[in-house]
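In UniProt numbering, the protein residues as written are 1 to 418.
Backbone N, C-alpha and C define an ideal beta-carbon position, used for all residues, glycine too.
Note that the structure is predicted; figures quoted are calculated from it, not measured.
For reference, the structure discussed in these notes is given below.
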Amino acid sequence: MAGDFRMSTALDRQGSVTIVGASLAGIRCAETLRREGFAGRITLVGEETHVPYDRPPLSKQVLSGAWELDRVVLADHDKMNELNITTRLGVRATSLDAQSRRVTLADDSTIDADAVVIATGAALRRLPGTESLPGVHGLRTWDDALGLRSALEALAPESRVVLVGAGFIGQEVATAAVAAGHKVTILEGLSVPLLPIVGEHVASFLVEMIENSGATLRTGVTVTGIEGPRDGALAGWVGLEGNESIPADLIVVGIGVTPSTQWLEGSGLTLENGVVTDRHLFAGPGVVAIGDVARFHWSDAGHNELVRIEHWQMAVDHGVHAAKSLLAGPSDAETFAAVPYFWSDQWGKKIQVLGHPGASDDVVLALPRDEEGRFLALFHQDGFITGVLGVSKPRQLMAFRGLLATGGTMDDAKDIAL
Numbered sequence: 001m002a003g004d005f006r007m008s009t010a011l012d013r014q015g016s017v018t019i020v021g022a023s024l025a026g027i028r029c030a031e032t033l034r035r036e037g038f039a040g041r042i043t044l045v046g047e048e049t050h051v052p053y054d055r056p057p058l059s060k061q062v063l064s065g066a067w068e069l070d071r072v073v074l075a076d077h078d079k080m081n082e083l084n085i086t087t088r089l090g091v092r093a094t095s096l097d098a099q100s101r102r103v104t105l106a107d108d109s110t111i112d113a114d115a116v117v118i119a120t121g122a123a124l125r126r127l128p129g130t131e132s133l134p135g136v137h138g139l140r141t142w143d144d145a146l147g148l149r150s151a152l153e154a155l156a157p158e159s160r161v162v163l164v165g166a167g168f169i170g171q172e173v174a175t176a177a178v179a180a181g182h183k184v185t186i187l188e189g190l191s192v193p194l195l196p197i198v199g200e201h202v203a204s205f206l207v208e209m210i211e212n213s214g215a216t217l218r219t220g221v222t223v224t225g226i227e228g229p230r231d232g233a234l235a236g237w238v239g240l241e242g243n244e245s246i247p248a249d250l251i252v253v254g255i256g257v258t259p260s261t262q263w264l265e266g267s268g269l270t271l272e273n274g275v276v277t278d279r280h281l282f283a284g285p286g287v288v289a290i291g292d293v294a295r296f297h298w299s300d301a302g303h304n305e306l307v308r309i310e311h312w313q314m315a316v317d318h319g320v321h322a323a324k325s326l327l328a329g330p331s332d333a334e335t336f337a338a339v340p341y342f343w344s345d346q347w348g349k350k351i352q353v354l355g356h357p358g359a360s361d362d363v364v365l366a367l368p369r370d371e372e373g374r375f376l377a378l379f380h381q382d383g384f385i386t387g388v389l390g391v392s393k394p395r396q397l398m399a400f401r402g403l404l405a406t407g408g409t410m411d412d413a414k415d416i417a418l
C-alpha cells in the first residue's frame, strides 16, 4: 500500500480493535483507547506468555539483582480485566489480511476487527550457529533477562565474560558483569562504539568511561563465529578475523535487532525495515503500526525521512498517538511529532539523548566535561538543533526538549539557562 494510509472513517467507539504485540506500545494504545472513550472490544495478542512488561529495567535493575521481575510488569491480569481487554498470550500471529483486518494465529484461530494495531516490536539478531550453545546469551525478553542473570550469578569470581557488540545494551550488561567482579572484554566492529549515533567526538568520551571501568574494549574487530566449550572455556571461544580466538565463560551477543515483520508478508502492507506508515502512523486503512516495528515519517530541522526508532519513550508516544488517530478518523488525525528520547545507565553514569544526534554534522559542548565525566553536547545542522546528549545532566538536558519540538536553532539555545 502507498500514499494516504488512513481509514475511510473514524473507528466506531463501539467497534473492535486487535492489538498484535503485548508490548509497551501495545498496552499504552489499549489504555489510551479506553481513556478516550472507546467502549468496544479490545483483543491483545502476545507471543510471550507474560503479561505486558517494561524492557529497559531488564538490562539495568533486573540484571544487577536490584529488582525482581515482578517490578517490571506494566499491566497484570487484574489491570487488563479492569480495562476489559481480552488477552491471547502465548500465541503468535502468523498472518494479517490488511483489507479485511483479519489476524490469523499460530493455533489457526482468527480474529476479525474494525482496526488492527501492529506492535510486534523487534527480535534479536543472532550469530549463526549459536542457538544451541547454552553459554551464549542475548538480552531482549523477560526470559532472556532471567537466564542471563542466573548465568552471571552462577559464575565463579573473576570469570571471563565476553560481550559481542558495544551498543547501549551491551555496555549495560558489561557494567553489571564488572560490578559482579568478572573480567570483561567488549568486542566492537566499529572504530569507535556508537559512532553513527553520537559522532566521534562524543563517542571518544564514552570510550574513556569504558576504559576507566576496568573492562577491556577492542574496536575494529570482526567476529567470525563462536565455538562451543573446550579447554576450560565454559561458554566457548569467540573467533576473530585473523585466526584469533578468545576464551569465555559467558558470552553475550548484542548486535542489534530486526523488526518482527515476517508474519506480515503477503499482507499488502509496505515492509521496508519495518512497517511503513504515514504521518499519522497508519500503515493501511484501519491498520496502524507502533513501537520498534514501525517505520514512520520524521521531520525535524529540514529533514523529512522514514525512521524506525527503538526507544522506550517512542513506544509510549506511538501507542498514545495511534489510539487517537484511529478514533479521530481521516479528517482530524494529527501528525505524529514527538521528540525521540532514551537513556542508558552504565559505568555509574546516566546517559540521556534527545532528538537525533546522528543526523547532525556538528557538535558543541554546551557544558564541558567536568572532573566526574559529566557533560552536555548539542548536535546541530544548518543552524538547527537536531539532538542533545547529556551524561549525568538530566535537568539541563530536559531544558532543551521544547526547543527540539519547535525546531529551535543554536541561537535560540543561547537563551536557555543551564
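Candidates Ile-85, Met-209, Arg-28: which alpha carbon is nearest Gly-373's? By one-based count along the sequence shown, residue 373 stands at place 373. Distances from the CA of Gly-373 to each of Ile-85, Met-209, Arg-28 were compared; the closest alpha carbon is that of Met-209.
Quick check on Arg-160: buried or exposed, where buried means 16 or more other Cβ atoms within 10 Å of its Cβ? The residue you call residue 160 lines up with position 160 of the sequence shown. Flag for Arg-160 reads buried.
Limits of the unbroken beta strand (DSSP E) element including residue 451: Past the edges of the chain, shown from 1 to 418, lies residue 451, and the structure says nothing about it.
DSSP on Arg-71, reduced to helix/strand/coil? Sequence index remark: in the sequence shown, residue 71 carries index 71 (1-based). Helix at Arg-71.
Which partner residues of Ala-115 appear in the DSSP bridge assignment? Indexing the sequence shown from 1 puts residue 115 at position 115. Note: Ala-115 sits in a beta bridge opposite Val-17.
With DSSP as the reference, label Leu-269 as helix, strand or coil. Counting from 1 along the sequence shown, the entry for residue 269 is found at position 269. DSSP places Leu-269 in coil when its eight states are reduced to three.
For His-201, is the classification buried or exposed, using 16 other Cβ atoms within 10 angstroms of its Cβ as the cut-off for buried? For the purposes of this step, residue 201 is taken as the residue at position 201 of the sequence shown. Burial call: exposed.
Buried or exposed for Ser-150, going by 16 or more other Cβ atoms inside 10 Å? Translated into the one-based positions of the sequence shown, residue 150 becomes position 150. It counts as exposed.
Comparing alpha-carbon positions, which option in Gly-15, Arg-88, Ala-39, Leu-44 lies nearest Gly-26? In the sequence shown, counting from the first residue as 1, residue 26 sits at position 26. The option with the nearest alpha carbon to Gly-26 is Leu-44.
For Pro-128, count neighbouring Cβ atoms within 10 angstroms of its own Cβ and tell me buried if that reaches 16, exposed if not. Looking up residue 128 in the sequence shown gives position 128. A residue is called buried when at least 16 other Cβ atoms come within 10 angstroms of its Cβ; Pro-128 does not meet this threshold and is exposed.
Here's a check: name, in chain order, each residue in its chain whose Cβ is nearer than 7 Å to the Cβ of Ala-180, leaving out the five neighbours to either side. As a working note, residue 180 is residue 180 in the sequence shown. For Ala-180, where only same-chain residues beyond five positions count, the Cβ hits under 7 Å are Leu-152.
Could you pull the start and end residues of the alpha helix (DSSP H) that Ile-169 belongs to? Within the sequence shown, residue 169 is the residue found at index 169, counting from 1. Taken as a continuous stretch (DSSP letters only), the alpha helix (DSSP H) holding Ile-169 covers 168-179.
By DSSP, does Phe-163 sit in helix, in strand, or in coil? Here residue 163 refers to the residue found at position 163 when the sequence shown is read from its first residue. Per the sequence shown, the amino acid found at residue 163 is Leu instead of Phe. In this structure, DSSP gives Leu-163 an extended state, which the three-state scheme calls strand.
Using the beta-carbon count (16 or more within 10 Å), is Ser-191 buried or exposed? Here residue 191 refers to the residue found at position 191 of the sequence shown. Exposed, since its Cβ has fewer than 16 Cβ neighbours within 10 Å.
contact_flag[the region 8-26, the region 106-117] where n(CB pairs < 8 Å) is 3 or more: Judged by Cβ distances under 8 Å, the region 8-26 makes contact with the region 106-117, as three or more pairs qualify.
Whose CA, out of Asp-144, Glu-241, Asp-292, lies closest to the CA of Pro-259? On the sequence shown, residue 259 is found 259 positions in, with the first residue counted as 1. Measuring from the Cα of Pro-259, the nearest candidate turns out to be Asp-292.
Helix, strand or coil: which one does DSSP assign to Trp-347? Against the sequence shown, residue 347 aligns to sequence position 347. Correct three-state label for Trp-347: coil.
Who are the Cβ neighbours of Ala-176 in its own chain at under 6 Å, not counting the five residues just before and after it? Start at 1 with the first residue of the sequence shown, and residue 176 comes out as number 176. Excluding sequence positions up to five before and after Ala-176, its CB lies within less than 6 Å of the CB of Leu-63, Ser-64, all in the same chain and listed in chain order.
Does the beta-carbon of Glu-241 have 16 or more other beta-carbons within 10 angstroms, so that it is buried, or is it exposed? Numbered from 1 along the sequence shown, position 241 holds the residue referred to as residue 241. Counting the other CB atoms within 10 Å of its CB gives Glu-241 a total below 16, which places it among the exposed residues.
If you count every other CB in all the chains shown that lies within 10 Å of the CB of Leu-389, and 16 or more means buried, which is it? To locate residue 389, count along the sequence shown from 1; it is residue 389. Within a 10 Å sphere around the beta-carbon of Leu-389 sit 16 or more other beta-carbons, which makes this residue buried.
Among Thr-32, Thr-9, Asp-12, Leu-11, which residue has its Cα nearest to the Cα of Ala-315? In the sequence shown, residue 315 corresponds to position 315, counting from 1. Measuring from the Cα of Ala-315, the nearest candidate turns out to be Thr-32.
Could you tell me whether the region 44-54 touches the region 80-93, using the rule of 3 or more Cβ pairs below 8 Å? Verdict: yes, contact present.
Flag this pair as yes or no: are the beta carbons of Phe-336 and Gln-313 separated by less than 8 Å? Reading the sequence shown from its first residue, position 336 is the one you call residue 336. Reading the sequence shown from its first residue, position 313 is the one you call residue 313. Taking 8 Å as the cut-off, the beta carbon of Phe-336 is found no closer than this to the beta carbon of Gln-313.
Lys-414, DSSP secondary structure in three states: In the sequence shown, counting from the first residue as 1, residue 414 sits at position 414. Three-state DSSP puts Lys-414 in coil, outside helix and strand.
Going by beta-carbon coordinates alone, are Leu-306 and Val-276 separated by less than 8 Å? Residue numbering aside, residue 306 sits at position 306 when the sequence shown is read from its first letter. Residue numbering aside, residue 276 sits at position 276 when the sequence shown is read from its first letter. Inclusion of Leu-306 and Val-276 in the CB contact set at 8 Å is warranted, their separation being smaller than that value.
Per DSSP, Gly-408 forms a beta bridge with which residues? Numbered from 1 along the sequence shown, position 408 holds the residue referred to as residue 408. According to DSSP, Gly-408 bridges with nothing at all.
Note down the Cα distance separating Ala-235 from Gly-402, rounded to an integer number of angstroms. Within the sequence shown, the letter at position 235 stands for residue 235. Within the sequence shown, the letter at position 402 stands for residue 402. When only Cα atoms are considered, Ala-235 and Gly-402 end up about 48 Å apart.
Compare the beta carbon distance of Glu-172 and Ser-59 with 8 Å and say whether it is the shorter of the two. Position 172 of the sequence shown, counted from the start, is the residue given in the question as residue 172. Position 59 of the sequence shown, counted from the start, is the residue given in the question as residue 59. At the C-beta level, Glu-172 and Ser-59 come within 8 Å of one another.
Threshold first: 3 residues or longer. Then list the beta strand (DSSP E) segments lying entirely within the region 24-92, N to C. Counting whole runs of 3 or more residues, the region 24-92 contains the beta strand (DSSP E) stretches 41-46, 85-89.
Less than 8 Å between CB atoms is the rule here; does Leu-33 satisfy it with respect to chain B? You won't find chain B in this structure, because it holds only one protein chain.
Alpha-carbon spacing of Gly-274 relative to Asp-411, whole angstroms: By one-based count along the sequence shown, residue 274 stands at place 274. By one-based count along the sequence shown, residue 411 stands at place 411. Approximately 36 Å between the Cα atoms of the pair.
Between Arg-126, Phe-205, Gly-214, Asp-144, which lies nearest to Ile-186 when the distance is taken from Cα to Cα? The residue you call residue 186 lines up with position 186 of the sequence shown. That would be Gly-214, whose Cα lies nearest to the Cα of Ile-186.
So which of Gly-284, Leu-264, Pro-357 has the shortest CA-CA distance to Gln-99? For this step, residue 99 is matched to residue 99 along the sequence shown. Relative to Gln-99, the option among Gly-284, Leu-264, Pro-357 whose CA is nearest is Gly-284.
So, for Glu-158: in the same chain, excluding its five sequence neighbours on each side, which residues have a beta-carbon less than 8 Å away from its beta-carbon? For the purposes of this step, residue 158 is taken as residue 158 along the sequence shown, with counting starting at 1. Taking C-beta separations shorter than 8 Å and ignoring five residues to either side along the sequence, the partners of Glu-158 in its chain run Gly-181, His-182, Lys-183, following chain order.
Where Asp-345 and Phe-168 are concerned, what is the direct C-alpha to C-alpha distance, given to the nearest angstrom? Position 345 of the sequence shown holds residue 345. Position 168 of the sequence shown holds residue 168. Rounded to the nearest angstrom, the two C-alpha atoms are 9 Å apart.
Boundaries (first-last residue) of the alpha helix (DSSP H) holding Arg-149: As a position in the sequence shown, residue 149 is number 149, starting the count at 1. First-last of the alpha helix (DSSP H) with Arg-149: 142-154.
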